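Number of protein chains: 2
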Amino acid sequence: MRRSPRDTTLVRPLSLEKAQGLLDRFTSALPSELVTIANASGRVLADDLRLEAAMPPADRAAVDGLALSARETVGASAYNPLPFRLGLGGALRAPAGQGKLVAAGDPMPAGTDAVVRLEEMPDAAAALEVIEPVAKGENVEAAGSHAPAGAIVLRRGWRVRPHELGLLASVGRKSVAVMPRPRIRIVLAGRGSPRDENGPMLQACIERDGGAVRGPPARVEGRAAIAAAICAAAADLVLVAGGSGTGLGDETAAAMREAGEVVLHGIAIAPGGTAGLARTRLGLPVLMLPGAPAACLCAYELFAGRAVRRLGGRDPGLPFPTLRTTTARKIVSSIGRTEMVPVRRRDDGAVEPTGSFAGAALFALAEADGFVIVPQSSEGCPAGAACTVYLYPERPKEHRPEA
Amino acid sequence: MRRSPRDTTLVRPLSLEKAQGLLDRFTSALPSELVTIANASGRVLADDLRLEAAMPPADRAAVDGLALSARETVGASAYNPLPFRLGLGGALRAPAGQGKLVAAGDPMPAGTDAVVRLEEMPDAAAALEVIEPVAKGENVEAAGSHAPAGAIVLRRGWRVRPHELGLLASVGRKSVAVMPRPRIRIVLAGRGSPRDENGPMLQACIERDGGAVRGPPARVEGRAAIAAAICAAAADLVLVAGGSGTGLGDETAAAMREAGEVVLHGIAIAPGGTAGLARTRLGLPVLMLPGAPAACLCAYELFAGRAVRRLGGRDPGLPFPTLRTTTARKIVSSIGRTEMVPVRRRDDGAVEPTGSFAGAALFALAEADGFVIVPQSSEGCPAGAACTVYLYPERPKEHRPEA
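Those sequence lines, one after another, are chains L and Y. Reminder that position 23 of the first sequence reads as 23 in my numbering, one-by-one numbering, no gaps. Numbering-wise, my numbering comes out as the position in the second sequence, counting from 1, plus 403.
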């Protein structure tokens, strides 16, 4: 067939590294935002959490009980029970021979330095008997024992773990500065009925990466409608899935040439090589992704997701834990393109490919525990070679839930 | 002090294993529910996904282009261009020498078995010239090549990964049966102002474990109010934080003795030993958790979280990836109690404790990468011993987000 490509930018696609470099120039972290502690789980801290005061700020009771002076319990025994009266008042020093009832967490009353658990409390009791000596500091959380003033407890860039909400609350924080959720608009472009496989998939990927998807995906056909949907987006970033290629119905790049500027079109990745970056006249970045789901996924993971994470102030790298291991079988890849290859972990810890996107589309990932990235300069990995695996969350191996 | 405990069940706490065994008798998986694909990310599949038809169900175009019969391209070359006319109609067999325009994903027209990418298309073209032979199957996704009919692609009990939304959609699913989100009510009980550290922390833990927290936590004081808040809960499970002990203001167990039945009170775990299980007269399970945040967290992780996961049909075990490694330093623990000990991973892969909950409360976890569980029968782990670490999600090591 005669060849005179409609879009010459795809003839020599950019390397993934160069494409990422360009992407980085158009995406930087949005301003941080304050959220209440109750809404902070999983968010990325925008500031270090530095303690203003030591924790606890003063000696406090670790248990419910009777606060008293340990010194005054010397000599107590079953044969020599020492009576303690319950002192009254709050800030007053407990007089000799008196104790004060405290609840766990209460500051220690002046003149007391230990707490005895109250396990018997006659209704009308005015005196209690101590029958063994108590050590100074017993059942007391000493000032500064948890952490000193000025300590950096949590760091900028860390995702807040569930229990850290308790930590933040326990140091008196009501709210915390976190990295923003970039607002992302998804546009599905294509002829007739655009593929809708990509909408839910992209939404879930974006949310995993800290973005907030605005509205249901727009479904549009034709150059003018694509451009209009993009330019109308109230968002920090637009992802267009479909129509990224150079075929007859592929109008996304053409739409962006009219509505703004195509920054790059064609990246040396497989699948997903028709991905690109554009921006509107107002400077809104637009990521063009292929419509075939496996290609769309790869272009998201290797390229578009980076923009979401950068806008949200996250680590721009892939959001998966990595494992250094070896290949159990040869991994085939084509030279000249960075490839995402699904792999399975074997019992011996080595990994083997589960299938290729070219051969099995998204089914290649069904049995995969993660994937390896074979760089552009490589034809694959021979068996036994060292490799880095990007791991999906573990699946239960044995568990079969009850009916 | 004279000892005649008010609540004798705490004198001999149950082992964690026995407590979990009792808990399991009161919690089993709720019925599954149908959700749309767009809402299925992260949900746990209630059924295997078995393909009714092969995928793709029929040969289809892998790219936009001209579908034709490969046989008819034999002999094509730049010196011998073979003209193809564009055939009309949909289901008709393409006559010899004709091709049909197809978009990626279209079924292959009868009589065609290959697709040539259309990279030149004069506006008024009625004929195209093929200048090299095409192999049968080129740019065609063959029926069944992705997966055969009957294949089990995803399994019951697996959490749906983002890209699996694309997979589900691509096999024509609009909705999918998933394990339910158990409805959980949080009650904060205590004297005066109940500690509010626990509300956000428990909510985040519950959501991590697949539960849905109903409303903001109820904050109640006193036996009658605690019982009323529990019995009014429209939920599958109630978690009461605070008041679980045997001190003066500890009314949770007493409230449950009046409003139902205390099944167990006191578990041999540290911290968190005052945790317990009760149920209302209507059979609603109630988990009693300590109010001190570190104790509350441990009682949740070691005990209560199991109930949330069981109700939701998830693996009842801890929801963390595990790592088998060795201890770099001795881990101290008290015999007779199962202990959760925060640890840090060192560069050599071994782990060392970061602090104890007894000494540093939740601050012990701030620098931790996870925790080990020292069983009741052990006094700890000597340096160099094998251990299993439950790992929190990885933190960025180097990354410092831009301002």
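Note that CB positions come from ideal geometry on N, CA and C, so glycine has one too. Bear in mind that the values here come from a model prediction, so they are computed numbers and not experimental data.
Give the DSSP-derived three-state secondary structure of M524/Y in the structure shown.
Residue 524/Y sits at position 121 when you count from the first residue of the second sequence. With a pLDDT of 39 at M524/Y, under the threshold of 50, the modelled position of that residue is not reliable, and the figure given next carries that caveat. DSSP places M524/Y in coil when its eight states are reduced to three.
Quick check: what's the CA-CA separation for P459/Y versus A552/Y?
As a first step, residue 459/Y is located in the second sequence; it is residue number 56 there, counting from the start. As a first step, residue 552/Y is located in the second sequence; it is residue number 149 there, counting from the start. If you take the alpha carbons of P459/Y and A552/Y, they lie about 10 Å apart.
Determine the closest residue to R208/L out of S444/Y, P512/Y and V590/Y, with distance taken between C-alpha atoms.
Here residue 208/L refers to the residue found at position 208 when the first sequence is read from its first residue. The residue with the shortest Cα to Cα distance from R208/L is S444/Y.
Could you give the C-beta distance for A337/L and A268/L, rounded to a whole number, given that I count them as a contact under 8 Å?
Looking up residue 337/L in the first sequence gives position 337. Looking up residue 268/L in the first sequence gives position 268. The sequence given here places Arg at residue 337/L; Ala does not occur at that position. Sure, about 5 Å apart at Cβ, within 8 Å.
DSSP three-state label for Y703/Y, please.
Residue mapping note: residue 703/Y aligns to position 300 of the second sequence, counting from 1. Helix at Y703/Y.
Name the chain Y residues whose beta carbon is nearer than 8 Å to that of R257/L?
Here residue 257/L refers to the residue found at position 257 when the first sequence is read from its first residue. Here the premise fails: no neighbours, minimum Cβ distance about 18 Å.
Helix, strand or coil: which one does DSSP assign to C737/Y?
Here residue 737/Y refers to the residue found at position 334 of the second sequence. Looking at the sequence shown, residue 737/Y is not Cys but Ser. Three-state DSSP puts S737/Y in coil, outside helix and strand.
On the three-pair Cβ rule with 8 Å, is the segment 654-674 of chain Y touching the segment 571-587 of chain Y?
Touching, no.
Excluding the 5 residues preceding and the 5 following L437/Y in the sequence, name in chain order all residues of the same chain whose CB lies nearer than 6 Å to its CB.
Residue 437/Y sits at position 34 when you count from the first residue of the second sequence. Within the same chain, L437/Y has close Cβ partners S578 and A580.
Do L794/Y and F723/Y come within 8 Å of each other at the CB atom, strictly closer than that value?
Along the second sequence, one-based indexing puts residue 723/Y at 320. Along the second sequence, one-based indexing puts residue 794/Y at 391. Closer than 8 Å, so yes.
Does N80/L get closer than 8 Å to chain Y when you measure Cβ to Cβ?
Position 80 of the first sequence, counted from the start, is the residue given in the question as residue 80/L. With 8 Å as the cut-off, N80/L does not count as an interface residue toward chain Y.
G716/Y and M582/Y - do their beta-carbons sit closer together than 8 Å?
Against the second sequence, residue 582/Y aligns to sequence position 179. Against the second sequence, residue 716/Y aligns to sequence position 313. A contact, by the Cβ cut-off of 8 Å.
Look at the alpha carbon of R617/Y and the alpha carbon of L289/L, and state the distance between them as a whole number of angstroms.
Numbered from its first residue, the second sequence carries residue 617/Y at position 214. Numbered from its first residue, the first sequence carries residue 289/L at position 289. Cα to Cα, R617/Y sits roughly 39 Å from L289/L.
For A189/L, report the span of its alpha helix (DSSP H) as first-last.
Counting from one through the first sequence, the residue named residue 189/L turns up at place 189. Premise fails: A189/L lies in the beta strand (DSSP E), R183 to A189, not in any alpha helix (DSSP H).
Bridge partners of T729/Y, per DSSP?
Here residue 729/Y refers to the residue found at position 326 when the second sequence is read from its first residue. Bridge partners of T729/Y: A789/Y.
Measure the C-alpha to C-alpha separation of L318/L and E301/L and round it to an integer number of angstroms.
Sequence index remark: in the first sequence, residue 318/L carries index 318 (1-based). Sequence index remark: in the first sequence, residue 301/L carries index 301 (1-based). Whole-angstrom Cα-Cα distance: 7 Å.
Check this for me: beta carbons of V160/L and V238/L, under 8 Å apart or not?
Here residue 160/L is taken as the residue at index 160 of the first sequence, counted from 1. Here residue 238/L is taken as the residue at index 238 of the first sequence, counted from 1. Cβ atoms of V160/L and V238/L: not closer than 8 Å.
How about F363/L: is its C-beta nearer than 8 Å to some C-beta of chain Y?
In the first sequence, the residue the question calls residue 363/L occupies position 363. Cβ-Cβ to chain Y under 8 Å: yes for F363/L.
Please list, in chain order, the residues of the segment 34-49 of chain L that have any C-beta partner in chain Y closer than 7 Å.
Taking 7 Å as the Cβ-Cβ cut-off against chain Y, the residues of the segment 34-49 of chain L that qualify are I37, A38 and S41.
Let me check understanding here. Comparing Cα to Cα, which of T388/L, R309/L, A278/L and E258/L lies closest to G211/L?
As a working mapping, residue 211/L is identified with position 211 in the first sequence. When each option's Cα is compared against that of G211/L, the closest is R309/L.
Return the CA-CA distance between A61/L and L277/L, expressed in angstroms with no decimal places.
Locating residue 61/L in the first sequence gives position 61, counting from the first residue. Locating residue 277/L in the first sequence gives position 277, counting from the first residue. Computed Cα separation, rounded: 60 Å.
For a contact defined as C-beta to C-beta under 8 Å, what are the partners of C608/Y on chain C?
This model lacks chain C altogether, as its protein chains are L and Y.
Please classify K503/Y as buried or exposed, where buried requires at least 16 neighbouring CB atoms within 10 angstroms.
Here residue 503/Y refers to the residue found at position 100 of the second sequence. With 16 or more other Cβ atoms within 10 Å, it is buried.
Helix, strand or coil for T73/L per DSSP?
Within the first sequence, numbered from 1, the residue matching residue 73/L stands at position 73. Here T73/L sits in helix by DSSP.
Is A482/L buried or exposed, if buried means 16 or more other CB atoms sit within 10 Å of its CB?
Nothing can be reported for residue 482/L, as the shown portion of chain L is limited to 1 through 403.
Assuming contact is defined by CB atoms lying nearer than 8 Å, are D295/L and G272/L in contact in what I supplied?
One-based indexing of the first sequence puts residue 295/L at position 295. One-based indexing of the first sequence puts residue 272/L at position 272. In the sequence as displayed, the identity of residue 295/L is Ala instead of Asp. Result yes, Cβ atoms of A295/L and G272/L sit closer than 8 Å.
Looking only at C-alpha atoms, which of Q423/Y, V643/Y and L454/Y sits nearest to G593/Y?
Residue mapping note: residue 593/Y aligns to position 190 of the second sequence, counting from 1. Minimum Cα distance to G593/Y is reached at V643/Y.
In terms of residues, what are the limits of the beta strand (DSSP E) holding Q501/Y?
Start at 1 with the first residue of the second sequence, and residue 501/Y comes out as number 98. Residues Q501 to V505.
Taking the DSSP output, what are the residues bridged to I152/L?
Position 152 of the first sequence, counted from the first residue, corresponds to residue 152/L. I152/L is bridged to R50/L.
With 8 Å as the threshold, decide whether the Cβ of P486/Y is near any Cβ in chain L.
As a working note, residue 486/Y is residue 83 in the second sequence. Not an interface residue.
Hey, quick one: how far does the beta strand (DSSP E) through F774/Y stretch, first residue to last?
Sequence index remark: in the second sequence, residue 774/Y carries index 371 (1-based). Taken as a continuous stretch (DSSP letters only), the beta strand (DSSP E) holding F774/Y covers G773 to V777.
Between which two residues does the alpha helix (DSSP H) harbouring A234/L extend?
Along the first sequence, one-based indexing puts residue 234/L at 234. No alpha helix (DSSP H) contains A234/L, which DSSP labels as neither H nor E.
In chain order, what residues of the same chain have a beta carbon less than 6 Å from the beta carbon of G59/L, not counting five sequence neighbours either side?
Counted from its first residue, the first sequence places residue 59/L at position 59. The question names Gly, but residue 59/L is Asp in the sequence shown. For D59/L, where only same-chain residues beyond five positions count, the Cβ hits under 6 Å are M108, V140, A142 and A143.
Of all the beta strand (DSSP E) runs that stay within the bounds of the segment 235-285 of chain L, which reach a length of 3 or more residues?
Taking only runs of at least 3 residues, the beta strand (DSSP E) segments lying wholly in the segment 235-285 of chain L are 237-241, 260-265 and 276-280.
Kindly indicate if chain L contains any beta-carbon less than 8 Å away from that of A507/Y.
The sequence position of residue 507/Y within the second sequence is 104, counting from 1. Yes, A507/Y lies at the interface with chain L (some Cβ there is under 8 Å from its Cβ).
From the beta carbon of N198/L, is the nearest beta carbon of chain Y less than 8 Å away?
For the purposes of this step, residue 198/L is identified with residue 198 of the first sequence, where counting begins at 1. With 8 Å as the cut-off, N198/L counts as an interface residue toward chain Y.
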